[in-house]
Amino acid sequence: MATAPDTGGAPDWRFRPMRSADLPRVAALERASYAFPWSERIFDDCLRVGYHCLVVETDTGIAGYAVLSAGAGEAHLLNLCVEQALRRRGIGRDLLYAVLNRAQGIGVRDVFLEVRRSNRPAMTLYEALGFERLGVRRGYYQAHDGREDAIVYRLELGALPPR
Ligand SMILES: CC(C)(COP(=O)(O)OP(=O)(O)OC[C@H]1O[C@@H](n2cnc3c(N)ncnc32)[C@H](O)[C@@H]1OP(=O)(O)O)[C@@H](O)C(=O)NCCC(=O)NCCS
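Numbering (our numbering), first residue to last: 743 to 905.
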């Protein structure tokens, strides 16, 4: 497994809100990561409606992003993605903590998400942070050979293990 580069203990990535100028790069990462990617327009809409959109940056630019919608004490994690070449270094986990901590800061108690049944890396990450399986949405996702089920997860933020 790859490990984070030795930067004296601090990881060499940081987080900031997504901006309109980031969208071409974000959409390019999206297309490289998903078989059925969101368009740049969808990310633009997420910014316009005030969803919590974060990017993670390294010295070479944007390496990932997260999108969360929140309201009435609940939030939905709508997207979480790390550049393929930079996976398994802890960026995804840090990004997830960053967005969940922001959610906690605005009074969110429960976070929900859906994940493709075949997406073992994402499910392993979510379960490591305490997300619990709530159920299955049959045929929720488009797939090359028909439809694919979604596993629905929930995390009570109070149960989030310390980073
Ligand atoms: C899911 C994703 C964001 C994880 O990002 P990442 O930076 O590789 O994640 P991390 O390095 O922080 O991994 C954290 C933990 O997740 C789990 N994990 C991550 N990738 C994994 C893999 N390929 N296989 C099994 N477990 C994996 C492990 O438990 C890992 O901890 P460890 O490295 O100490 O074993 C990344 O794989 C990705 O962008 N996938 C494509 C987009 C996507 O599917 N997003 C989720 C949509 S619901």
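Even for Gly, the Cβ is constructed at its ideal location relative to N, Cα and C.
- CA-CA distance, Gly803 to Glu825, rounds to 11 Å.
- Gln846 places its beta carbon 8 Å or farther from that of Leu796.
- Looking at the backbone, the Cα of His794 and that of Ala774 are separated by about 22 Å.
- The shortest C-alpha to C-alpha distance from Gly792 to any of Glu782, Val809, Tyr776, Asp801 is the one to Val809.
- Residue state for Pro753 is assigned as coil, using DSSP reduced to three classes.
- Judged by DSSP in its simplified three-state form, Leu765 adopts helix.
- Every residue whose Cβ sits closer than 6 Å to any heavy atom of ligand 1 is listed here in chain order: Met743, Ser775, Leu822, Cys823, Val824, Arg829, Arg830, Arg831, Gly832, Ile833, Gly834, Arg835, Val857, Asn861, Arg862, Pro863, Ala864, Thr866, Leu867, Ala870.
- Between the stretch 805–824 and the stretch 874–885, the count of Cβ pairs shorter than 8 Å is below three; the stretches do not touch.
- Here the alpha carbon of Arg758 sits roughly 13 Å from the alpha carbon of Leu789.
- Contact between Val853 and Ala817 is confirmed by a C-beta separation of about 5 Å, below the 8 Å threshold.
- Pairing Asp836 with Trp755 gives a Cβ-Cβ distance under 8 Å.
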